[in-house]
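Participant: Just so you know, the sequence shown maps onto residues 110 to 325 in the numbering used here.
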Amino acid sequence: MRDDESGYTPWGAKLGGQIYWNAVNAVRDVWLEIYGEHIEVAVQGKAGFKRLLDEIKSKLVEKRGLEKIVEELRDRGYDLTDPANPDQLFKSLLAPNPSGIRNIDYITPNEFKAAVYSVADQARESGNDGEDILLDQFLRRSLDHLWDAKGLTGRINVGENRHFPRMFQWLKEVAGETDWGEGKGLKIMNTSRKGAVRSNPSGPQGLTVRLNFNYI
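#1: In the DSSP output, which residue or residues are listed as bridge partners for residue 317?
#2: State yes or no: is the C-beta of residue 241 within less than 7 Å of the C-beta of residue 319?
#3: For residue 208, count the other beta carbons within 10 Å of its own beta carbon; 16 or more makes it buried, fewer makes it exposed. Which is it?
#4: Whose CA, out of 270, 316 and 311, lies closest to the CA of residue 305?
#5: Would you be able to state if there are at least three C-beta pairs under 8 Å between the region 245 to 253 and the region 214 to 232?
#6: Please determine if the region 273 to 286 and the region 221 to 229 are in contact, where contact requires at least 3 C-beta pairs separated by less than 8 Å.
#7: For residue 303, name the three-state secondary structure that DSSP assigns.
#8: Smallest Cα separation from residue 145: which of 134, 270 and 191?
#9: When the Cα of residue 213 is compared with those of 274, 148, 171 and 147, which residue comes out closest?
#10: Go through its chain and collect everything with a Cβ distance to residue 201's Cβ below 7 Å, but skip five positions before and after it.
#11: Opposite residue 288 in the DSSP bridges: which residues?
#12: Excluding the 5 residues flanking residue 254 on each side, which residues of the same chain have their C-beta closer than 7 Å to its C-beta?
#13: If you drop the 5 nearest sequence neighbours on each side, which residues of the same chain put their C-beta closer than 8 Å to that of residue 292?
#14: Is residue 244 closer than 7 Å to residue 313 when the C-beta atoms are compared?
Take a look at the structure:
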């Protein structure tokens, strides 16, 4: 029986299964970060997965981007061999790596928000009444604090990727929790200080976090 008939990939992971989907998403995230291109397939189900895989493999060959992809994945905590082709890359991605957190799905809202408050407390030690911090830097500090506090390995990159919307939503919740009417403890604003912040930005670029230590 062929792999496509049994419903399994050549590497043993079931088509549409979470472990397979995580591997595909890992490559898609890295591709977006390196090349600024979304790899999207409209077809759902097994046919969609196969088409998506073929698209990724063709792009890796076309741009000879395998080495760059592997390097970035390693930076994110994946323990990879030196794959000679896309099939070997996916096989490595499907190997268990239980100690490495590479997906925002494994972080709870309360864990992330607690890290945000801790970073604000650290910033308070400057002795100033407040501080403006670029959003990408603030998110990086929050994630690094969470990783250090819990002894986690792996890495979640900050940028225009699928992790950002959830982190941005949690940060907005902290902004709401620290809004006392007469003052805001944490405010998300455009770095230019002009105009309203978009409700669903695609990434942290152009955004800043303003901390007011009298209210947070």
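All C-beta atoms in this analysis are idealised placements derived from N, C-alpha and C, irrespective of residue type, glycine included.
Facilitator: Result, derived from the coordinates:
#1: 243 and 298
#2: yes
#3: Any reading at residue 208 needs caution, since the residue's pLDDT is 49, under 50, leaving its predicted position unreliable; the model's value is listed next. Answer is exposed; the Cβ neighbour count stays below 16.
#4: 316
#5: Segments in contact, yes.
#6: yes
#7: DSSP places residue 303 in coil when its eight states are reduced to three.
#8: 270
#9: 274
#10: 189, 190 and 192
#11: 293
#12: Around residue 254: 224, 227 and 228.
#13: 321, 323 and 324
#14: yes
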